[in-house]
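Residue numbers (the numbering used here): 65 to 413. The C-beta atom is built at its ideal place from N, Cα and C for all residues, glycine as well. Fair warning: this is a prediction, and the values are worked out from it, not measured in the lab. The block underneath contains the structure these notes are about, expressed in structure tokens.
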Ligand code: ADP
């Protein structure tokens, strides 16, 4: 069974979505971090506005919770354009896309989340829409099949994905701007939390926000979610005061350790170390051991463990690094204690 996870950086549920939306920055200036992307976007937006043209199509990629959706809304706001939001799995048939494309106004933005999950048929259908702003729609089938050519208004497509690698080359090639979102520094996360705390009318010592930031795995969505949990805890146990002691206790209750790792992160590392002797192990095997989806591990767990150097990805699979052993307080097995793999046998010869 999947482990319940406070740190799951995928957004869950309507209440969570409302909370997220209420804290979402509305302008580029309000966005914290990602300076390089903001600079480039700012220039592209100013240039497009000066020419009274829509922006080029944009692809944002990176782990969940880093601000891809936020940036799409910010761009729409800065451009004074309407935004239509959908996702790859929601667009199943050509008809689904047809409705979306024919209703879009000049300069409007279509945001497709999880764009790597578009079906092949839908993907091919949107190529001419992205390139020439027209679509060929087939009505009826067999002998009576007719292709109708629809001209479209010039729109901007913004795609978001956690896996740029899964995008086909023709789709990737149709985006004019591709931006990779990186994890945020603790300083940037503290800023984000300060802004959120102010918006929520919370009174807290600066050190408490630094503590939450340090435990947020470089991810604004996790930072805001932890802030919510800490707010609840302090209301019930600390008469509404978010002191350092209250914050530490509530994070402890959520089983988040000093590096911001939660039970699922630690289970991943423990499986790799105990069951697979530190690796190399394939992601499918680790997923089966944990009873988790492979996608969850690849999207949500691994990126941060790779970032902090606890896991290495090699051709033969995932390997735990000495830093991971040290964090879990485990001894690194001596070379002769590890089972020799077939590959290693060959390498030794
Ligand atoms: P993604 O689409 O990449 O999964 P979101 O755009 O939904 O991530 O971001 C999650 C939450 O994090 C947002 O609701 C917003 O409150 C916060 N957030 C994201 N990026 C920023 C930023 N640059 N500055 C401040 N808050 C941010």
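Bounds of any beta strand (DSSP E) do not take in residue 248, whose DSSP letter is neither H nor E. Leaving aside the five residues that flank residue 362 on each side, the residues in its chain whose CB is nearer than 7 Å to its CB run, in chain order, 347.
Positions of the alpha helix (DSSP H) runs, each at least 4 residues long and wholly inside the region 140-206, are given as 158-166, 184-196 in order along the chain. Here DSSP, grouped into helix, strand and coil, assigns residue 209 to coil.
Nearest to residue 158 by alpha-carbon distance, out of 185, 111, 209, is 185. Runs of the beta strand (DSSP E) spanning 3 or more residues and lying entirely within the region 317-358 do not occur at all. Around the beta-carbon of residue 207, fewer than 16 other beta-carbon atoms lie within 10 Å, marking it exposed. Buried is the label assigned to residue 168, since at least 16 other Cβ atoms lie within 10 Å of its Cβ.
Annotation: the continuous alpha helix (DSSP H) that includes residue 237 extends over 233-237. Annotation for residue 294: the continuous alpha helix (DSSP H) segment containing it runs 284-301.
A heavy atom of the ligand ADP is found nearer than 7 Å to the CB of residue 95. Here residue 253 is near residue 284, since their CB atoms are less than 8 Å apart.
Between residue 152 and residue 178, the CB-CB gap stays under 8 Å. DSSP places residue 107 inside the alpha helix (DSSP H), whose first and last residues are 99-114. Relative to residue 195, the option among 144, 304, 237, 282 whose CA is nearest is 237. Residue 301 is classed as exposed because its beta carbon has fewer than 16 other beta carbons within 10 Å across all chains shown. DSSP places residue 263 within a helical segment (H, G or I) once states are collapsed to three. DSSP places residue 78 in the helix class (H, G or I) of the three-state scheme. Contact check for residue 381 against residue 335 fails: the beta carbons are separated by 8 Å or more. Beta-bridge partners assigned by DSSP to residue 383: 376. Comparing alpha-carbon positions, the option among 303, 326, 307 lying closest to residue 281 turns out to be 326. Put simply, the region 121-130 does not touch the region 257-274. Fewer than three CB pairs are less than 8 Å apart.
Residue 144 and residue 137 have their C-alpha atoms spaced approximately 10 Å apart. Straight across, the Cα-Cα distance linking residue 364 with residue 183 is about 23 Å.
Residue 239 holds the alpha-carbon nearest to the alpha-carbon of residue 228 among 239, 139, 309. Around the Cβ of residue 118, a 10 Å sphere holds 16 or more other Cβ atoms; the residue is buried.
Within the same chain, Cβ atoms closer than 7 Å to the Cβ of residue 291 are found at 257, 260, 261, 276, the five residues on either side in sequence being excluded. Here the region 160-175 lies against the region 216-231, with 3 or more beta-carbon pairs under 8 Å apart. In this structure, the alpha-carbon of residue 293 lies about 10 Å from that of residue 286. Look at residue 92 here: in three-state DSSP terms it is coil, with no helix or strand label. Separation of residue 233 and residue 199 (C-alpha to C-alpha, rounded to the nearest whole angstrom) is 20 Å. Around the Cβ of residue 213, a 10 Å sphere holds fewer than 16 other Cβ atoms; the residue is exposed.
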